[in-house]
């Protein structure tokens with residue numbers, strides 16, 4: 001796939017690929033090596049959190065930029081990857097890491113060791129988390145790239161002061177704090193009362209036979 005894309009598009013467009021932690025460690029090393037000629041912007045989550053020690057082997061064998069951290073929740077998961085320069089982008093989600101203050105510390109650590117931030121704010125994100133990540137980007141020169149999410153106009157109307165997306169850039173405003181508010185009346189109008197009564201599981205934890213399902 002990447003050979004085809006590069007043959008048609010050249011090396012101008014920045015390409016990324018998200019593995020979602022599904023590979024065995026040995027296969028993750030192999031994939032990283034095979035993708036090196038195609039000069040990705042980064043390869044994301046090629047290893048699962050419990051196998052991050054394998055990043056040392058990947059670093060020894062190729063220069064494919066690595067992004068990691070979507071499932072991280074603990075400083076012990078990202079600190080060594082940053083201080084040993086084993087990854088190029090940290091992909092922690094702001095809310096999972098504990099909020100703005102812990103993530104500002106991550107960004108500062110990245111500044112010292114030449115690693116960039118790429119806060120994970122796609123998928124089931126919301127405009128508040130998006131703005132928090134954007135302000136972290138504005139406050140640190142370790143900023144690399146910012147993932148964004150697409151919201152409907154009705155959703156954006158609930159959050160006056162939300163980030164403005166134009167031409168691939170996110171724009172903040174000059175209001176105090178994060179500059180975002182919530183219109184509770186409009187939020188109430190969006191609520192589906194019947195749907196709210198039903199449990200909403202983000203992911204299945206176990207199969208019917210009781211076996212664990214990995215993220």
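Residue numbers (full-length UniProt numbering): 1 to 215. Positions of the beta carbon are idealized from the N, C-alpha and C atoms, including for glycine.
Go to residue 35, then tell me how far its alpha helix (DSSP H) extends in each direction, as first and last residue. Unbroken run through residue 35: none, as it is neither H nor E.
Can you give the beta carbon distance from residue 85 to residue 115, rounded, assuming they're within the 8 Å contact cut? 7 Å
Let's see if you can read the secondary structure: which residues bound the beta strand (DSSP E) around residue 44? 42-44
Buried or exposed (CB count within 10 angstroms, at least 16 for buried), residue 187: exposed
According to DSSP, simplified to helix, strand and coil, what is residue 157? helix
Can you name, in chain order, every residue of its own chain whose Cβ lies under 6 Å from the Cβ of residue 219, other than the five neighbours on each side? Any question about residue 219 goes unanswered here, given that the chain covers just 1 to 215.
Between residue 2 and residue 39, what straight-line distance do the alpha-carbon atoms span, to the nearest angstrom? 10 Å
Residue 185: which of 176, 166, 155 sits nearest, CA to CA? 155
With a Cβ-Cβ cutoff of 8 Å, do residue 28 and residue 54 count as a contact? yes
Using only the alpha-carbon positions, how far apart do residue 129 and residue 10 sit? 34 Å
Straight-line Cα distance separating residue 189 from residue 76: 42 Å
Can you give, in chain order, each stretch of the beta strand (DSSP E) that sits fully within the stretch 141-191 and has at least 3 residues? 164-166, 169-171
Run through the stretch 81-130 for me and flag every whole alpha helix (DSSP H) of 4 or more residues, listed as ranges in chain order. 94-97, 100-113
Would you call residue 78 buried or exposed, if buried means 16 or more other Cβ atoms sit within 10 Å of its Cβ? buried
Rank 126, 16, 31 by C-alpha distance to the C-alpha of residue 118 and give the top, closest one. 16
Just to confirm the assignment, what range does the beta strand (DSSP E) spanning residue 196 have? Residue 196 -> not in any beta strand (DSSP E); alpha helix (DSSP H) instead, spanning 193-197.
So, residue 122 versus residue 149, is the Cβ gap smaller than 8 Å? yes
Nearest-angstrom beta carbon gap, residue 110 and residue 94 [assumed within contact, 8 Å]: 14 Å between Cβ atoms; not a contact.
With residue 67 and residue 88 assumed to form a contact (beta carbons below 8 Å), what rounded beta-carbon distance in angstroms separates them? 7 Å
Relative to the C-alpha of residue 51, which candidate in 101, 26, 13 has its C-alpha closest? 26
Enumerate in chain order the residues of its own chain whose CB-to-CB distance from residue 82 is below 8 Å, with the five nearest sequence positions on each side excluded. 90, 106, 109, 110, 113, 115
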